[in-house]
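Chemist: What follows is a structure written as structure tokens; I'll ask about it next.
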Amino acid sequence: MSLIEALPIALLGALLGLDVVSFPQAMISRPVVAATLAGAFIGHPPAGLLIGVVLEMIALDTLPFGASRYPEWGSAGVVGGALFGAQPHGMPGALPACLLAALLTASISGWSMVVLRRLIAIRLEQTRDRIEEGSRNALLSLHLSGMSMDLLRGGLVTITAMMIFAPLVRAIVAIWGSDSAPSRAVVVVIAAIVAGAALWKVFHSVRHVLWFFLAGLLVWVGLLVTR
Amino acid sequence: MTAPTSPGVDLPMRVKFAMYFRLLAMQGSWNYETLNGTGIGFTMEPALRYLPGGLDGPAYRAALARESRYFNAHPYLAGIAVGALVRAELDGVEPARIERFRTALAGPLGSVGDRLVWASWLPFCSLVAIGVYGAGGSPMGVVGTFLLLYNAGHILLRAWGLRIGLSRGLNVASALGNPVLRQGRMGIGCAAALVAGAALPLALQRVAGPGLGLVGGIIGAALIGILLLARLREHAEGWRIALGVLAIFVLYSVLT
């Protein structure tokens, strides 16, 4: 993938990375949305949706609580969707390799958010006296520069990840040694485990929650029987 | 733009809209020093121009400085604080009282919002989207369902917070007793569990593809893994374990 080809993807990553915290937090940065949009950019939205759903299940494990450190799924979803959308159909290694690239991007992008927050704090220290005097310009400048840096951060993470992972994933897929069925099975089991444990972690304190889950399972069984 | 005002002033609709729009960008300068304090000042700024003396007057500058100090709240519920603080500033409440109010309000707005939105509404909407995918939904259908459902709650919650804050001022604390804020998590949790029971296996079936399906081995491995990971709870991050296992599998598949 050339730099020019990666630029529109980087722009999408920048916009969706901005949504995670800065603006507007409408959750267009959730992997199910980000990866589908990226897949659509590449011309293959169903592929983007498939990896987006898997990433969404894994993302249930990380909730964006205030000052906690968490992976950044906006740019990662874009990278995962764009990479998977670009793979030829039916390649056994495509889903695991693209998923790994997306998870690595989420981790690195989460770290970049910590760096950004420290940079904003440094800039705040430099302008603290003016803000304490009630300077409108100082406050607006701090705020808008924070948002601009966040936009830049998302774009840089996305383009860097695309430049590294696009050739790497292509190489991995070309020499992949496992069959299609076990390759998919590993992804399915990983997604099921992480999502199941994450939901238990979040909702175990809700009364009768297990009964509601079992009722949902019954609905699934009912659908299996009637189909 | 900079009309002098008196206690009880009603802000023009365009100022309320400006504050609402800025609420969406409130976390643009989030940092480890003041958390979203500077964002609160940024969001309140259009309304503070209506203080006596107008834009850049002494009252404006003092209020902007005061409101830009440390604050912590869930972004969707920060509108309650923004509205209440704007009302207090415009009503000429003494600064020491405003400071005490800010300190008292920050904790509850963070914890209530985290539990209601991040730990309930967001997972619920994700599960609904996953369910739509499992039921055979198209990319547009899945993404549209998620964004419409999630943002119906998001947009309304922010608007409600700002409105209730502006109307009640420093008496806004009682709004935190709203049944939706207090009990909403329980109801959403039950609904999420119900949806999860059907949605997760449906979606996993579709990811697995027609040739594989959810065979016994996969279900067994998943159940054992869930039990192990759930027991570890606070001591392990599932996504990191997923990253490690996936990396090992990719290495294995490339080297064999």
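If you read the sequences in order, they're chains R and A. One point on numbering: in our numbering, the residue at position 83 of the first sequence is 950, and numbering is uninterrupted. One point on numbering: in our numbering, the residue at position 92 of the second sequence is 176, and numbering is uninterrupted. Glycine included, each C-beta is placed from N, C-alpha and C at the ideal position.
Roughly how many whole angstroms lie between the Cα atoms of R269(A) and W205(A)?
Modeler: Numbered from its first residue, the second sequence carries residue 269(A) at position 185. Numbered from its first residue, the second sequence carries residue 205(A) at position 121. Roughly 8 Å between the two C-alpha positions.
Chemist: Return the first residue and the last residue of the alpha helix (DSSP H) that A875(R) is part of.
Modeler: Reading the first sequence from its first residue, position 8 is the one you call residue 875(R). Position check: residue 875(R) holds Pro in this sequence, whereas Ala was assumed. 870-888 is the span of the alpha helix (DSSP H), which, as asked, contains P875(R).
Chemist: Measuring CB to CB, does V226(A) end up less than 8 Å from V899(R)?
Modeler: Here residue 226(A) corresponds to residue number 142 of the second sequence, with the count starting at 1. Here residue 899(R) corresponds to residue number 32 of the first sequence, with the count starting at 1. Yes, these two residues count as a Cβ contact at 8 Å.
Chemist: In terms of residue numbering, what span does the alpha helix (DSSP H) encompassing E129(A) cover?
Modeler: Indexing the second sequence from 1 puts residue 129(A) at position 45. Looking at the DSSP string, the run of the alpha helix (DSSP H) that includes E129(A) is 121-132.
Chemist: From V334(A) to A964(R), what distance separates their C-alpha atoms?
Modeler: Residue numbering aside, residue 334(A) sits at position 250 when the second sequence is read from its first letter. Residue numbering aside, residue 964(R) sits at position 97 when the first sequence is read from its first letter. Near 7 Å, if we compare the C-alpha coordinates of A964(R) and V334(A).
Chemist: Enumerate, from N- to C-terminal direction, the unbroken alpha helix (DSSP H) stretches of 4 or more residues contained entirely within the segment 219-265 of chain A.
Modeler: As far as the segment 219-265 of chain A is concerned, its whole alpha helix (DSSP H) runs of at least 4 residues are 223-252.
Chemist: Does the segment 1028-1044 of chain R come close enough to the segment 166-185 of chain A that 3 or more CB-CB pairs lie under 8 Å?
Modeler: Touching, no, given that fewer than three Cβ pairs across the two stretches are closer than 8 Å.
Chemist: Counting pairs of beta carbons, one from the segment 280-292 of chain A and one from the segment 210-228 of chain A, are three or more of them closer than 8 Å?
Modeler: Counting Cβ pairs under 8 Å, three or more are found: they touch.
Chemist: Can you name the residues of chain R whose CB is closer than 9 Å to the CB of R145(A)?
Modeler: Within the second sequence, residue 145(A) is the residue found at index 61, counting from 1. Residues of chain R passing the Cβ test: E1000, G1001, S1002, R1003.
Chemist: Please classify H1075(R) as buried or exposed, where buried requires at least 16 other C-beta atoms within 10 Å of its C-beta.
Modeler: Locating residue 1075(R) in the first sequence gives position 208, where the first residue counts as 1. The residue in question, H1075(R), is exposed, as its Cβ has fewer than 16 Cβ neighbours within 10 Å.
Chemist: Since V99(A) and A131(A) are thought to touch, with beta carbons under 8 Å apart, how far apart are those beta carbons, to the nearest angstrom?
Modeler: Against the second sequence, residue 99(A) aligns to sequence position 15. Against the second sequence, residue 131(A) aligns to sequence position 47. V99(A) to A131(A), Cβ: 6 Å. Contact.
Chemist: If you measure between the beta carbons of A180(A) and F1070(R), is that distance less than 8 Å?
Modeler: The residue you call residue 180(A) lines up with position 96 of the second sequence. The residue you call residue 1070(R) lines up with position 203 of the first sequence. Against a cut-off of 8 Å, the Cβ pair of F1070(R) and A180(A) comes out as no contact.
Chemist: So the candidates are L148(A), A190(A), L241(A), L316(A); which of them puts its Cα closest to the Cα of L107(A)?
Modeler: Taking the second sequence and counting its residues from 1, the one referred to as residue 107(A) is at position 23. Checked all of L148(A), A190(A), L241(A), L316(A); the closest Cα to L107(A) is L241(A).
Chemist: Under 8 Å, with one C-beta from each stretch per pair, do the segment 883-894 of chain R and the segment 947-954 of chain R reach the 3-pair mark?
Modeler: Counting Cβ pairs under 8 Å, fewer than three are found: no touch.
Chemist: What are the boundary residues of the alpha helix (DSSP H) that F908(R) is part of?
Modeler: Here residue 908(R) is taken as the residue at index 41 of the first sequence, counted from 1. Looking at the DSSP string, the run of the alpha helix (DSSP H) that includes F908(R) is 898-909.
Chemist: Measure the C-alpha to C-alpha separation of M1030(R) and L1018(R) and round it to an integer number of angstroms.
Modeler: Walking along the first sequence from the start, residue 1030(R) turns up at place 163. Walking along the first sequence from the start, residue 1018(R) turns up at place 151. Between M1030(R) and L1018(R), the C-alpha separation is close to 19 Å.
Chemist: With DSSP as the reference, identify every bridge partner of N115(A), one or two as the case may be.
Modeler: Here residue 115(A) refers to the residue found at position 31 of the second sequence. Paired residues: L119(A).
Chemist: Exposed or buried, F105(A), counting other C-beta atoms within 10 Å across all chains shown (16 or more means buried)?
Modeler: Position 21 of the second sequence, counted from the first residue, corresponds to residue 105(A). By the neighbour-count rule (16 or more Cβ atoms within 10 Å), F105(A) is not buried but exposed.
Chemist: Classify F155(A) as helix, strand or coil using the three-state DSSP reduction.
Modeler: Here residue 155(A) corresponds to residue number 71 of the second sequence, with the count starting at 1. Three-state DSSP puts F155(A) in a strand.
Chemist: Against Y104(A), what residues of chain R qualify as contacts under a CB-to-CB distance less than 8 Å, listed in chain order?
Modeler: Along the second sequence, one-based indexing puts residue 104(A) at 20. Result: empty, since nearest Cβ-Cβ is about 11 Å, beyond 8 Å.
Chemist: Could you tell me the distance, in whole angstroms, from the CA atom of D886(R) to the CA atom of S896(R)?
Modeler: Looking up residue 886(R) in the first sequence gives position 19. Looking up residue 896(R) in the first sequence gives position 29. Roughly 6 Å between the two C-alpha positions.
Chemist: Kindly indicate the opening and closing residues of the alpha helix (DSSP H) around A109(A).
Modeler: Within the second sequence, the letter at position 25 stands for residue 109(A). Taken as a continuous stretch (DSSP letters only), A109(A) belongs to no alpha helix (DSSP H), as it is neither H nor E.
Chemist: For the segment 1072-1083 of chain R, which residues have a beta carbon sitting closer than 9 Å to at least one beta carbon of chain A?
Modeler: Against chain A - using a Cβ distance shorter than 9 Å - the residues of the segment 1072-1083 of chain R are S1072, V1073, R1074, H1075, V1076, L1077, W1078, F1079, F1080, L1081, A1082, G1083.
Chemist: I want to verify the contact list: residues of chain R whose CB lies under 8 Å from the CB of E173(A), in sequence order.
Modeler: Sequence index remark: in the second sequence, residue 173(A) carries index 89 (1-based). In chain order: nothing, as chain R lies at least about 12 Å away.
Chemist: Relative to chain A, which residues along the segment 873-894 of chain R have a C-beta separation below 7 Å, given in chain order?
Modeler: Going along the segment 873-894 of chain R in chain order, one finds V888, S889, F890, P891, Q892, A893, M894 with a Cβ nearer than 7 Å to chain A.
Chemist: Identify whether E321(A) lies in helix, strand or coil by the three-state DSSP scheme.
Modeler: Residue numbering aside, residue 321(A) sits at position 237 when the second sequence is read from its first letter. Three-state result, E321(A): coil.
Chemist: Confirm, please, whether the CB-CB distance from A326(A) to I925(R) is below 8 Å.
Modeler: Translated into positions along the first sequence, residue 925(R) becomes position 58. Translated into positions along the second sequence, residue 326(A) becomes position 242. Against a cut-off of 8 Å, the Cβ pair of A326(A) and I925(R) comes out as a contact.
Chemist: Under 7 Å between beta-carbons, which chain R residues line up against I302(A)? List them in chain order, please.
Modeler: As a working note, residue 302(A) is residue 218 in the second sequence. Result: A1052, V1055, V1056.
Chemist: Leaving out five residues on either side along the sequence, give the residues of the same chain with a beta carbon under 7 Å from the beta carbon of P959(R).
Modeler: By one-based count along the first sequence, residue 959(R) stands at place 92. These residues qualify, in order along the chain: W1043, S1045, D1046, S1047, S1050.
Chemist: Measuring straight from C-alpha to C-alpha, what distance separates E1000(R) and F1079(R)?
Modeler: As a position in the first sequence, residue 1000(R) is number 133, starting the count at 1. As a position in the first sequence, residue 1079(R) is number 212, starting the count at 1. Computed Cα separation, rounded: 55 Å.
Chemist: Going along chain A in order, which residues have a C-beta closer than 7 Å to the C-beta of D928(R)?
Modeler: Start at 1 with the first residue of the first sequence, and residue 928(R) comes out as number 61. E321, G322, W323, listed in chain order.
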